[in-house]
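If you're matching them up, the sequences are chains A and B in order.
All residue numbers for the first sequence refer to our numbering, where the first residue is 26 and numbers rise by one.
All residue numbers for the second sequence refer to our numbering, where the first residue is 651 and numbers rise by one.
The beta-carbon is built from N, C-alpha and C at its ideal position, and this holds for glycine as well.
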Amino acid sequence: MVMADKPKYRVIGTRPLRPDAIDKVTGRAQYGADTRQNGMLRGYVLRSPHAHANIKSIDVSKALAHPGVKAVVTAADFLAPGQDLAQLPDLTANVMAGSKTLYHGHAVAAVAAIDDESARDAAGLIEVEYDVLPPVLDVREAMLPGAPILHEAMRTRTPEGPSADPSNVVAHAVVVFGDPETAMGECDVVVEGDFSTRMVHQGYIEPQAATAMWNPDGQVTIWTAHQGSFPARQSTATILNHPISKIRVVLTEIGGGFGGKIAVYLEPVAAMLSKKTGHPVKLQMDRVDVFEGTGPTPGTSIRAKLGATKDGKLKAYMADMAYENGAYAGTAANYATMVATACYDIEHVRLDGYDVVVNKPRTQDYRAPSSPAAAFAMEQLVDQLAEKLNMDPEKLRLQNSSREGTRGSMGMPFARIGHEEIVQAALDSDHYNSPLEGPNRGRGTASGYWFNVGLRSSVNVTVQPDGTVALAVGSTDLSGTRTSLAMQLAETIGVEFDDVKSLEVDTDSVGYNDVTAGSRVTFGTGMATYEAGKNLIAAMKERLAATWNVPEDEIQFEEGKFSSPDGSKSGTFKEIAQLVVGRGPGLTVSGSVNAGFLQGGGFAHHIVDVEVDPDTGKVQVLRYTAVQDVGTAVHPAYVEGQLQGGAVQGIGWALNEEYFYDDSGRMLNSSFLDYRMPTTLDVPMIDTILVEVPNPLHPFGVRGVGEPPIVPPLAAIANAVAHATGVRQYQLPMSPRRILQTTGKIEE
Amino acid sequence: MATVIVPAVLRPLTGGVTRVDATGSTVHEVIDDLVRQYGQLKDRIIDDNGVRPELFIAVAGQEIFDITQAVPAGAEVNILPAIAGG
């Protein structure tokens with residue numbers, strides 16, 4: 026569905042087969058754990074069995090005496106000169122605990138040995154003496170006076186200055202627009218709720234793996250499946266206190282990330298083990314390590330209130346939002362204050378965001394970080410308000426939608442955005458207009474938002490003697506971006522998709538690239554690719570001018586064809602490339618951009634039908650439609666896949682997934698047997714409606730599409746369950762037990 | 651005169667003040683005047699190399715990449731935390 030005039034493209038909008046498909050389906054693709062180097066050792070990370078403990082001592086002597094062991098590292102190996110273990114910066118301490126372990130699964134030591142068995146056995150010989158402390162696991166309990174304190178030096182940053190006493194509250198952010206207190210009092214209808222969501226994991230299929238080789242000359246090479254080779258290099262250099270120019274990061278194929286592979290965990294440890302042994306060292310996690318030792322998304326507690334006039338004008342919104350940061354300070358709640366009201370034009374807003382440390386793994390992003398929980402509250406309140414006003418919730422959303430010029434949640438007016446268009450598309454959809462019949466069934470809808478960003482990207486383009494081109498990319502390909510970038514280059518220089526070969530290269534082989542996150546690669550690296558394409562055309566014209574003996578600036582390039590001013594000479598890109606490169610010196614050009622932080626924003630809107638079994642509490646998703654403003658769909662099949670994947674992950678988050686802890690802070694469900702992710706048996710076909718409102722900030726109108734579809738599902742499903750059961754759901758997951766509790770079938 | 655919108659993360663350094671009137675014809679000058687009024691913001695927004703990497707600045711809704719860029723009279727200058735996503 027195209028909502029605005031869209032240029033006709035030759036390549037963009039088509040659905041070519043992905044060039045990495047054969048390697049991936051035949052098992053030839055090389056992922057992180059597939060790295061093999063001559064003389065390579067295997068590593069193993071010993072992790073804390075306690076959620077909160079002082080480390081009194083670590084004795085590695087018995088491990089070092091193991092016949093297969095080559096080296097052991099602890100946090101002491103990462104100390105800067107003059108630093109003690111209590112002073113390790115968070116970045117390092119999360120990789121290897123210093124004087125304290127702060128979550129069950131926190132790394133405390135690592136071993137390099139001749140094989141996996143030796144490394145694992147030797148790790149069992151390391152003697153760690155712990156002074157076990159009481160943990161705090163709940164975000165609201167962690168905020169209370171008297172709660173166990175994770176960091177004695179932490180003081181809450183507040184608008185009035187730092188707190189006097191140690192606190193688990195990292196920061197209290199306050200955002201106010203208008204006069205929310207007064208406006209709320211003037212509203213004809215007010216709804217409110219106390220919402221909570223649980224910590225969940227991204228659930229990427231490939232556990233983290235990294236291999237490092239530290240040469241005697243100080244040159245370090247790291248092979249890793251990471252969301253950003255350049256940020257991984259920076260973090261590793263910082264942790265190792267080693268020059269960044271002496272570290273080369275080589276990306277392997279990556280089996281998913283969703284934000285969970287932005288931080289480094291194994292890379293610096295493998296490098297330190299390699300430094301101590303003189304051998305390459307490979308470290309890889311198993312699923313338990315991934316659950317317990319990497320970065321899930323925060324659990325939250327949100328107390329929110331929404332007020333409107335009797336004719337349905339949203340007037341005031343107030344929310345107190347507490348987000349778990351896990352063991353170290355983060356900014357999740359601050360993010361939430363920047364997205365919570367983005368979908369709607371609400372004049373009076375007060376948002377209080379509390380970032381809180383708890384004895385759980387340091388949280389990381391998960392697609393649109395912080396936004397799904399914020400939408401879980403806001404979108405249920407919108408639904409409740411529609412009920413009270415006896416309005417169609419879609420029409421209420423449409424009436425109050427943000428649009429171009431609306432002050433966004435960051436305080437600035439939106440550029441051209443498509444929230445109105447997607448809600449209208451939902452209203453017009455077959456799904457929304459099909460009756461939902463039968464008992465215990467309900468339909469829910471919800472909207473969601475993420476900023477999307479551009480950031481910095483670089484690519485190289487090399488012309489081959491036969492006139493095809495090689496596109497060297499430094500951005501991790503998480504979701505098929507080598508294809509979407511090749512398509513943009515083909516469009517720019519007027520060749521076929523098959524004439525562009527796209528490949529990932531290491532940090533020494535291309536200019537800087539920021540992390541693959543924030544739905545930025547097809548947008549930002551796409552802009553760098555477009556820039557490189559333009560530079561290539563200019564370089565070709567320069568050479569052609571000498572060959573054709575005509576002024577360079579009079580050579581035309583239109584629709585993939587070069588022509589002389591009088592039209593007597595012409596040729597396609599491939600023909601001219603064969604002429605000026607095939608018979609001349611090589612030609613490589615670059616494209617580099619800083620595409621900035623403002624990408625224009627992405628909006629999603631979902632419709633879901635569910636049936637709730639009143640006896641078992643099981644929620645079955647019957648039908649699901651994901652609608653999204655995608656700017657320009659470069660490869661529509663990939664875009665549809667992003668929407669479908671976000672919806673499925675959201676279904677799992679809504680219905681079943683949660684980190685489940687005992688009172689000591691030990692995670693009890695750290696395997697896919699017990700951590701219940703959806704399978705193909707749990708979800709219907711996810712229908713998609715692509716609404717194309719071209720983004721004016723991109724030459725082809727591209728918007729990022731990966732973040733927004735994770736935002737609406739939690740609230741959409743909660744609204745559907747509420748309509749099916751008559752009972753509003755304030756807490757995730759809406760597991761069978763929870764449904765039976767809230768519907769009064771079993772006790773809380 | 652421009653109006654600087656202080657982000658929540660920096661408000662602890664302005665005593666909670668959200669909007670600050672600041673004089674200057676360029677972004678650099680406006681930020682200098684903001685820092686003159688709230689000394690604790692010194693080096694927290696721009697440093698010798700420009701805008702600090704954890705922030706970005708927009709003038710009248712448009713992101714700026716050069717702190718010598720002109721600021722129209724009456725414009726809003728937004729200082730925003732740099733975030734990406736998953």
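Could you tell me which of the options sits nearest to residue i, measuring between CA atoms?
i	options	result
Ala-497/A	Val-50/A, Glu-521/A, Asp-707/A and Asp-533/A	Asp-533/A
Ala-358/A	Ala-347/A, Thr-277/A and Cys-368/A	Ala-347/A
Ser-778/A	Val-535/A, Ile-447/A, Ser-299/A and Val-520/A	Only positions 26 to 773 of chain A appear in the structure, and residue 778/A is not among them; the question remains open.
Ala-237/A	Thr-207/A, Val-225/A and Lys-271/A	Lys-271/A
Ser-675/B	Glu-726/B, Pro-722/B and Gly-735/B	Pro-722/B
Ser-472/A	Val-644/A, Thr-183/A, Ala-672/A and Tyr-229/A	Ala-672/A
Lys-586/A	Ala-440/A, Glu-516/A and Gly-378/A	Glu-516/A
Thr-493/A	Tyr-369/A, Ser-760/A, Glu-600/A and Ser-504/A	Glu-600/A
His-197/A	Ala-745/A, Gly-378/A and Gly-479/A	Gly-378/A
Ala-122/A	Leu-71/A, Val-161/A and Asp-141/A	Leu-71/A
Ala-367/A	Ser-395/A, Gln-409/A and Asn-350/A	Ser-395/A
Glu-819/A	Pro-460/A, Gly-433/A and Asn-425/A	Coverage of chain A is limited to positions 26 through 773, which leaves residue 819/A absent and any answer about it impossible.
Lys-307/A	Val-315/A, Leu-698/A and Val-294/A	Val-294/A
Assign residue i to one of three DSSP states: helix, strand, or coil.
i	result
Glu-462/A	coil
Phe-598/A	helix
Ile-735/A	helix
Ser-299/A	helix
Val-730/A	coil
His-304/A	coil
Ser-326/A	strand
Val-655/A	coil
Gln-719/B	coil
Met-346/A	strand
Leu-406/A	helix
Arg-669/B	strand
Gln-700/B	First, the residue type needs correcting, since residue 700/B is Gly and not Gln in the sequence shown. If DSSP states are grouped into helix, strand and coil, Gly-700/B belongs with the strands.
His-251/A	coil
Pro-159/A	coil
Asp-48/A	helix
Gly-281/A	coil
Tyr-360/A	helix
Val-708/A	coil
Gln-389/A	coil
Buried or exposed for residue i, please, with buried defined as at least 16 other CB atoms from any protein chain shown within 10 angstroms of its CB.
i	result
Thr-222/A	buried
Glu-429/A	exposed
Ile-279/A	buried
Ile-771/A	exposed
Asp-591/A	exposed
Lys-790/A	Any answer about residue 790/A is impossible in this case: the structure gives chain A only from 26 up to 773.
Asp-654/A	buried
Ile-269/A	exposed
Gly-769/A	exposed
Ile-230/A	exposed
Asp-311/A	exposed
Would you say residue i lies against chain E (beta-carbon separation less than 7 angstroms)?
i	result
Thr-261/A	Absence of chain E from the displayed structure is noted, the protein chains being A and B.
For the region 671 to 703 of chain B, enumerate the residues whose C-beta is nearer than 7 angstroms to any C-beta of chain A, in chain order.
-> none
When Cβ atoms are compared, which residues of the region 379 to 397 of chain A fall closer than 7 angstroms to chain B?
-> Asp-390, Tyr-391, Arg-392, Ala-393 and Pro-394
Against chain B: residues of the region 739 to 759 of chain A by CB proximity under 9 angstroms | none
Select from the region 350 to 382 of chain A all residues with a C-beta closer than 8 angstroms to any C-beta belonging to chain B, and list them in chain order.
-> Thr-356, Asn-359, Tyr-360, Thr-362, Met-363 and Gly-378
Of the residues that make up the region 702 to 718 of chain B, which ones have a beta carbon closer than 7 angstroms to any beta carbon in chain A?
-> Phe-706, Ala-708, Gly-711, Glu-713 and Phe-715
Check distances from the C-beta atoms of the region 645 to 666 of chain A to those of chain B and list, in chain order, the residues that come in under 7 angstroms.
-> none
Residues in the region 722 to 735 of chain B having any Cβ partner in chain A nearer than 9 angstroms | Glu-726, Asn-728, Leu-730, Pro-731, Ala-732, Ile-733, Ala-734 and Gly-735
Is there contact here, the region 570 to 581 of chain A with the region 744 to 759 of chain A, by at least three beta-carbon pairs under 8 angstroms?
-> no
Validate contact between the region 80 to 96 of chain A and the region 121 to 136 of chain A using beta carbons, cut 8 angstroms, 3 pairs | yes
Between the region 514 to 530 of chain A and chain B, which residues of the former have a C-beta closer than 9 angstroms to a C-beta of the latter?
-> none
Report yes or no: do three or more beta-carbon pairs, one from the region 208 to 224 of chain A and one from the region 689 to 707 of chain B, lie closer than 8 angstroms?
-> no
What residues in the region 178 to 207 of chain A have a beta carbon less than 8 angstroms from any beta carbon of chain B?
-> Arg-182, Thr-183, Pro-184, Glu-185, Gly-186, Pro-187, Ala-196, Ala-198, Val-199, Val-200 and Val-201
Listed from N- to C-terminal order along the chain, which residues in the region 614 to 632 of chain A have their beta-carbon within a distance smaller than 8 angstroms of any beta-carbon of chain B?
-> Asn-619, Gly-621, Phe-622 and Leu-623
Counting Cβ pairs closer than 8 angstroms, one from the region 459 to 466 of chain A and one from the region 716 to 723 of chain A, do we hit at least three?
-> no
Counting pairs of beta carbons, one from the region 259 to 268 of chain A and one from the region 325 to 344 of chain A, are three or more of them closer than 8 angstroms?
-> no
Could you say if the region 657 to 673 of chain A and the region 733 to 750 of chain A meet the contact criterion of at least three C-beta pairs nearer than 8 angstroms?
-> yes
If contact means a Cβ-Cβ distance below 8 angstroms, which residues of the region 535 to 552 of chain A contact chain B?
-> Asp-539, Val-540, Ala-542, Gly-543, Ser-544 and Arg-545
May I ask you to list, following chain order, the residues of the region 433 to 456 of chain A that have a beta carbon less than 7 angstroms from some beta carbon of chain B?
-> Met-435, Gly-436, Met-437 and Pro-438
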